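Chains as they are written, first to last, in the numbering used here: chain D, 1 to 192; chain E, 193 to 384.
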DNA sequence: GTGGATGCAATGCAGTCGTATTGCAACTGG
DNA sequence: CCAGTTGCAATACGACTGCATTGCATCCAC
């Protein structure tokens, strides 16, 4: 088994470049050569690690999902043990929203992939799972345990994300809307 | 002034073809020739009515916005005069959601344009206006007149749309979430 | 009629795309 | 030390892209 290179590392290196390109030029600007240039490697190497473009896209998509997963986990961990449900939800959702310039890039990529998968249903199964899990978790934390309310909160988050990216809402407006929603769900005007 | 052809009609004919292509193959599949074939016209004609591809895209985007505007207006008109606020909101939002196969196509195009404009901020000003107007209107109808709550409801709608398109929510789930939200906003469990 | 504007089709061009192929350097197990 | 696997670069290919150009009907104003 000759040559020792970390395949996973190379692949994420390329995926990172892909995300950078997608973040400021859109997914349709993602091409093998473009990504390769952005990554500072040869186009041949990209081909070496991803036999097809779709394979590369799928991997990048999985990285996006993984990253947001990690963001949530870290944000929750920062809360310490047994946080109040309302604060917990607010933290999770705020962690997933594209509120600053850095997370906006990730958000743009995620949005691009959303449109991408809307046309390629097979590639969306992962996203579906993630949403379902999150819905169930949110429902378990809500005082009412209401699944429909949980689905609504999640949808509100997604919509806030979209509007933040589109420039329709400012970060402040989005957080206000989120807090107003939590007020509704928890009944308490501003306990958190 | 020779030759009398309805420019506007030709342009919408082409825009319709564009939307059909975008709806089932994604925006990145939209090319001059592709759209021309779908429209059953020559590529040269497309060029004749849109000097550049971006111009064509911008026009199609305006058509999308116009269509949804019309859908809302019609749905509201069907309610008769002075409808109950809750029913009014439900009707408007339901009219904007991609609930059936037909409106799903429009929704896919809209989503694609969302990602498209996220990278071309200048093309998004129209969308911003529309959102702002809708927010103000919703706030004026809500019992609390709360702008943040209105923004939240709008975001919830957008998120429901996204999840409907992604297959994460069924039409029933989306409507349940919407009704649950209206329950929260209007205090009444199921008066509508 | 006829000059001129217009509607539209056809073709050409330079560039980019994804991918298959080829070649070579580097390294490692025996 | 060397066969063989692997990492990677380079190139070629056909398809496609947006756009510019050209040419030719068609129609209106005069």
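Glycine included, every Cβ here is placed at the ideal spot set by N, Cα and C. As the structure is a prediction and not an experimental result, all values here were calculated from the model.
Own chain residues within Cβ distance below 7 Å of residue i, not counting five before or after
i: residue 224/E; result: 235, 238, 239 and 245
i: residue 267/E; result: 283, 284 and 287
i: residue 23/D; result: 105, 108 and 109
i: residue 303/E; result: 354 and 357
i: residue 177/D; result: 160
i: residue 250/E; result: 315
Close beta carbons around residue i, own chain, < 8 Å, minus the five adjacent residues each side
i: residue 271/E; result: 279, 280 and 283
i: residue 227/E; result: 206, 209, 210, 213, 238 and 248
i: residue 261/E; result: 322
i: residue 316/E; result: 309 and 310
i: residue 257/E; result: 318, 319 and 322
i: residue 335/E; result: 277, 377, 378 and 379
Partners in chain D for residue i, counting only beta-carbon separations shorter than 8 Å
i: residue 241/E; result: Those do not exist, as residue 241/E stays about 23 Å from chain D at its closest Cβ, beyond 8 Å.
i: residue 200/E; result: Ordered by position in chain D, no residue passes the 8 Å Cβ test against residue 200/E, which lies about 28 Å from the chain.
i: residue 220/E; result: 27 and 28
i: residue 320/E; result: 166, 167 and 168
i: residue 288/E; result: None at all; the shortest Cβ gap to chain D is about 12 Å.
Where residue i falls, given that 16 or more other Cβ within 10 Å makes a residue buried
i: residue 309/E; result: buried
i: residue 327/E; result: buried
i: residue 138/D; result: buried
i: residue 187/D; result: exposed
i: residue 343/E; result: buried
i: residue 325/E; result: exposed
i: residue 274/E; result: exposed
i: residue 146/D; result: buried
i: residue 73/D; result: exposed
i: residue 5/D; result: exposed
i: residue 172/D; result: exposed
i: residue 201/E; result: exposed
i: residue 362/E; result: exposed
Residues near residue i in its chain [Cβ-Cβ closer than 6 Å; skip 5 each side]
i: residue 164/D; result: 98 and 174
i: residue 129/D; result: none
i: residue 373/E; result: 348
i: residue 230/D; result: The structure shown has nothing for residue 230/D, since chain D only spans 1 to 192.
i: residue 38/D; result: 17, 20 and 21
is_contact[residue i, chain D] using C-beta, thresh 8 Å
i: residue 252/E; result: no
i: residue 344/E; result: yes
i: residue 351/E; result: yes
i: residue 244/E; result: no
i: residue 207/E; result: no
i: residue 323/E; result: yes
i: residue 274/E; result: no
i: residue 328/E; result: no
i: residue 230/E; result: no
Closer than 7 Å at the beta carbon, the chain D residues around residue i
i: residue 316/E; result: 166 and 167
i: residue 313/E; result: 167
i: residue 373/E; result: 152
i: residue 365/E; result: 151
Amino acids of chain D, ordered along the chain, whose beta-carbon sits closer than 9 Å to that of residue i
i: residue 306/E; result: 111, 114, 115, 162, 165 and 166
Residue-chain proximity (residue i, chain E), Cβ-Cβ < 8 Å
i: residue 146/D; result: yes
i: residue 177/D; result: yes
i: residue 108/D; result: yes
i: residue 99/D; result: no
i: residue 75/D; result: no
Proximal residues of chain E, C-beta to C-beta of residue i below 9 Å
i: residue 184/D; result: 341, 344, 373, 376 and 377
Chain E residues whose Cβ lies nearer than 7 Å to that of residue i
i: residue 156/D; result: 344, 347, 348 and 351
i: residue 118/D; result: 300, 303, 357 and 358
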